[in-house]
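Colleague: One structure is given below, represented as structure tokens, and several questions about it will come after.
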Amino acid sequence: MVKAVVGANWGDEGKGKITDMLSKEADIIVRFQGGANAGHTIVNDYGKFALHTLPSGVFYDHTTSIIGNGVALNIPVLFKEVSEIVEKGVPMPKILVSDRAQIVMPYHILFDEYEEERLAGKSFGSTKSGIAPFYSDKYAKVGFQVAELFDEEALKEKLERVIVQKNVILEHLYHKPALKVEELFATMMEYKKMVEPYVCDVSAFLYDAIKAGKNILLEGQLGSLKDPDHGIYPMVTSSSTLAAYGAIGAGIPPYEIKKIVTVVKAYSSAVGAGAFVSEIFGEEADELRRRGGDGGEYGATTGRPRRMGWFDCVASKYGCRIQGTTDVAFTVLDVLGYLDEIPVCVGYEIDGEVTTDFPTTAKLEKAKPVLEVLPGWKEDIRGIKNYNDLPENCRKYIEFVEKQIGFPITMVSNGPGRNDIIYR
């Protein structure tokens, strides 16, 4: 059976924990898109980890972790991450890398930095991980697949071709030093040495695994609102964050994805620029940020303070719908225990009209939140295992959200640990 774990909002919903938890029952975990630009924070028996490329299921010794063809593969970052977890006592994970995955080139990171620098105040708030230049090259057909590392002559020839274009931009747009083919070729040969033992025809491997009845988990990065088609364009990422793309980014048939667990946070947070209707500021935001997540709401990749907001029913309903949600995992609910009252955004007012449908970006920029205030439960709910043992106002909050978004909340996370979960 194939399940996908994806985010409903701007990312940072707590997918890492949910994937780590569901991996217990999984044989194979596949990362199907994105690169090392976003992180998943995981707390388990080995300690606290921020993973960027490795799937969040690497902590179990019965699982195989796969880097799918849809991933922006930064080879040195992947292997640095492997050695970091092994140093902390995690058994060496079983890893497979798709031969069709494309490689984040050293110049992708440079271009990302130079472009943000050039745009200055008008920048996209990139994590400078090379993601937009990488996907631009992939779709302009000048990217490099892992398989190309194994034909040295063709690789050198292609590098020479591609570098001509890159150097024109470097020299004339950014006024930066030109790239040298020999240096890049040498780097590619180092990448080849690192990745060679793990390269595999992932699509064929997964085909056989599905036939053998294995449990496969597809792990997405970020959330619905960062999708380039359906998100808050242009303040989005460069690869599709939707479960539907899991079929493409892993190389499996779409009808094999039977369960789509969409992770929704009990309040809102976002890293990076873009419209964020339920955003709060000042002391109110600082307090939520301080108490939020495990050790505060700061980006797992950048360490940037996340922007905070109240729960947004409009964005979450849309985010769940566009994912094709079968189950909602509702996370970080324990964080809200300090509040007397909890505001919830139930609609957007745009040009004097209230809507509960998530609009396109230009309208979104004008939207004002319509808030409904629910009573808080003023209690620490960590450690509770049964839904009925939650305080009444806490259950009412969950049921209110569930009714507003229209998708079943089947899991409630009430703490950062692997076992802090309530099944409904």
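Anchor point for the sequence shown: position 391 equals 1171 in our numbering, and the numbering is continuous, going up by one each time. The C-beta atom is built at its ideal place from N, Cα and C for all residues, glycine as well.
1) On a CA-only basis, which of 1190, 959, 829 and 944 is nearest residue 1106? Give me that one, please.
2) How is residue 941 classed by DSSP in three states: helix, strand or coil?
3) Residue 799 by DSSP, collapsed to three states: which one?
4) Tell me which same chain residues have a C-beta within less than 7 Å of the C-beta of residue 837, skipping the five on either side of it?
5) For the candidate residues 1077, 1057 and 1056, whose alpha-carbon lies nearest to that of residue 1066?
6) With a cut-off of 8 Å on the beta carbons, I'd call residue 854 and residue 878 a contact; round off their distance for me.
7) How many Å lie between residue 961 and residue 847 at the Cα?
8) Based on the DSSP output, what are the partners of residue 1078 in its beta bridges?
9) Please look up how many angstroms separate the CB atoms of residue 1158 and residue 1117, rounded, as I've assumed it's under 8 Å.
10) For residue 1073, report the span of its beta strand (DSSP E) as first-last.
11) Work out the CA separation of residue 822 and residue 866 for me, nearest whole Å.
12) Apart from the five residues on each side of it in sequence, which residues of its chain come closer than 6 Å, Cβ to Cβ, to residue 841?
13) Taking only runs that begin and end inside the stretch 998-1060, name each unbroken beta strand (DSSP E) of 3 or more residues, in chain order.
14) Which of the three DSSP states, helix, strand or coil, is assigned to residue 813?
15) For residue 1142, does the count of other Cβ atoms within 10 angstroms reach 16, so buried, or fall short, so exposed?
16) Report the CB separation of residue 889 from residue 910 in whole angstroms; it is logged as a contact under 8 Å.
17) What does the Cβ neighbour count give for residue 963, buried or exposed, with the cut at 16 atoms within 10 Å?
18) Considering residue 1141, what are the terminal residues of the alpha helix (DSSP H) in which it resides?
19) Within a Cβ cutoff of 7 Å, which residues of the same chain sit near residue 1119, ignoring the five residues on either side of it in sequence?
20) Would you list the residues sitting across from residue 882 in a DSSP beta bridge?
21) Using CA coordinates, which residue listed in 913, 898, 937 and 981 is at the minimum distance from residue 953?
22) Excluding the five sequence neighbours on either side, which residues of its own chain have a C-beta within less than 6 Å of the C-beta of residue 1088, listed in chain order?
23) With distances taken from CA atoms, which of 942, 1051 and 1130 is nearest residue 1086?
24) Going by alpha carbons, who is nearest to residue 789 out of 1102, 1202 and 1193?
25) Here's the rule: buried if 16 or more other CB atoms are within 10 angstroms of the residue's CB, otherwise exposed. What is residue 832?
26) So the candidates are 1202, 1197 and 1204; which of them puts its Cα closest to the Cα of residue 827?
27) Would you mind sorting residue 1014 into buried or exposed? The rule is 16 or more other CB atoms within 10 Å of its CB.
28) Apart from the five residues just before and just after residue 1058, which ones in its own chain have a Cβ nearer than 6 Å to its Cβ?
29) For residue 888, which three-state DSSP category applies?
30) Counting Cβ pairs closer than 8 Å, one from the stretch 1129-1139 and one from the stretch 1162-1178, do we hit at least three?
31) Tell me which same chain residues have a C-beta within less than 8 Å of the C-beta of residue 1056, skipping the five on either side of it?
32) So which of 1132, 1154 and 1152 has the shortest CA-CA distance to residue 1146?
33) For a quick check, are the C-beta atoms of residue 925 and residue 881 less than 8 Å apart?
34) Please check the pair residue 1023 and residue 1000, which I expect to be a contact at CB under 8 Å, by giving their CB distance rounded to whole angstroms.
Modeller: Taking the geometry as given:
1) On the sequence shown, position 326 is the one that residue 1106 refers to. Ranking the options by Cα distance to residue 1106, first place goes to 1190.
2) Counting from one through the sequence shown, the residue named residue 941 turns up at place 161. Residue 941 falls in the helix class under three-state DSSP.
3) Walking along the sequence shown from the start, residue 799 turns up at place 19. It is helical.
4) Position 57 of the sequence shown, counting from 1, holds the residue named residue 837. Cβ neighbours of residue 837 beyond the five flanking positions: 799, 800, 803, 806, 809, 843, 845 and 997.
5) Mapped onto the sequence shown, residue 1066 falls at position 286. Of 1077, 1057 and 1056, the smallest CA-CA separation from residue 1066 is found for 1077.
6) Counting from one through the sequence shown, the residue named residue 854 turns up at place 74. Counting from one through the sequence shown, the residue named residue 878 turns up at place 98. That pair is no contact at about 14 Å.
7) Here residue 961 refers to the residue found at position 181 of the sequence shown. Here residue 847 refers to the residue found at position 67 of the sequence shown. Approximately 27 Å between the Cα atoms of the pair.
8) What you label residue 1078 is simply residue 298 of the sequence shown in a count that begins at 1. Looking at the DSSP assignment, residue 1078 forms a beta bridge with 1085.
9) Here residue 1158 is taken as the residue at index 378 of the sequence shown, counted from 1. Here residue 1117 is taken as the residue at index 337 of the sequence shown, counted from 1. Going by Cβ atoms, the distance from residue 1158 to residue 1117 rounds to 7 Å, so yes, they are a contact pair.
10) Reading the sequence shown from its first residue, position 293 is the one you call residue 1073. Unbroken run through residue 1073: none, as it is neither H nor E.
11) In the sequence shown, the residue the question calls residue 866 occupies position 86. In the sequence shown, the residue the question calls residue 822 occupies position 42. Distance between residue 866 and residue 822, taken at the CA atoms: about 15 Å.
12) Here residue 841 refers to the residue found at position 61 when the sequence shown is read from its first residue. Same-chain partners within the cutoff: 871.
13) If only complete runs of 3 or more residues are kept, the stretch 998-1060 shows the beta strand (DSSP E) at 1037-1045 and 1048-1050, in order along the chain.
14) The residue labelled residue 813 in the question sits at position 33 within the sequence shown. In this structure, residue 813 counts as coil in the three-state DSSP scheme.
15) Locating residue 1142 in the sequence shown gives position 362, where the first residue counts as 1. Flag for residue 1142 reads exposed.
16) Mapped onto the sequence shown, residue 889 falls at position 109. Mapped onto the sequence shown, residue 910 falls at position 130. 4 Å between Cβ atoms; contact.
17) Here residue 963 is taken as the residue at index 183 of the sequence shown, counted from 1. Per the 10 Å Cβ criterion, exposed.
18) As a working note, residue 1141 is residue 361 in the sequence shown. Segment 1141-1144, the alpha helix (DSSP H) holding residue 1141.
19) Taking the first residue of the sequence shown as 1, we reach residue 1119 at position 339. The beta carbon of residue 1119 is closer than 7 Å to those of 1156 in its chain, skipping five residues each way along the sequence.
20) Here the question's residue 882 lines up with position 102 in the sequence shown. The partner list for residue 882 (beta bridge, DSSP) reads 852 and 925.
21) Walking along the sequence shown from the start, residue 953 turns up at place 173. For the options 913, 898, 937 and 981, the alpha carbon positioned closest to that of residue 953 is the one of 898.
22) Against the sequence shown, residue 1088 aligns to sequence position 308. So the qualifying residues of the chain are 1049, 1060, 1065, 1068 and 1069.
23) Taking the first residue of the sequence shown as position 1, residue 1086 is located at position 306. Residue 1086 has its Cα closest to that of 1051, out of 942, 1051 and 1130.
24) If you number the sequence shown from 1, residue 789 lands on position 9. Ranking the options by Cα distance to residue 789, first place goes to 1102.
25) As a first step, residue 832 must be located in the sequence shown, where it is residue number 52. Buried is the call here.
26) Residue mapping note: residue 827 aligns to position 47 of the sequence shown, counting from 1. Distances from the CA of residue 827 to each of 1202, 1197 and 1204 were compared; the closest alpha carbon is that of 1197.
27) For the purposes of this step, residue 1014 is taken as residue 234 along the sequence shown, with counting starting at 1. Residue 1014 is exposed by the Cβ-count criterion.
28) In the sequence shown, residue 1058 corresponds to position 278, counting from 1. Taken in chain order, the residues that qualify are 1048, 1089, 1090, 1092, 1125 and 1149.
29) In the sequence shown, the residue the question calls residue 888 occupies position 108. Here residue 888 sits in helix by DSSP.
30) As far as the Cβ criterion goes, the stretch 1129-1139 does not touch the stretch 1162-1178, which means the pair count is below three.
31) By 1-based counting over the sequence shown, the position of residue 1056 is 276. The answer, listed in chain order, is 790, 1048, 1050, 1087 and 1089.
32) Looking up residue 1146 in the sequence shown gives position 366. Out of 1132, 1154 and 1152, 1132 has the C-alpha closest to the C-alpha of residue 1146.
33) In the sequence shown, counting from the first residue as 1, residue 925 sits at position 145. In the sequence shown, counting from the first residue as 1, residue 881 sits at position 101. Judged by their CB atoms, residue 925 and residue 881 are nearer to each other than the 8 Å cut-off.
34) On the sequence shown, position 243 is the one that residue 1023 refers to. On the sequence shown, position 220 is the one that residue 1000 refers to. With a Cβ gap of about 7 Å, residue 1023 and residue 1000 count as contacting.
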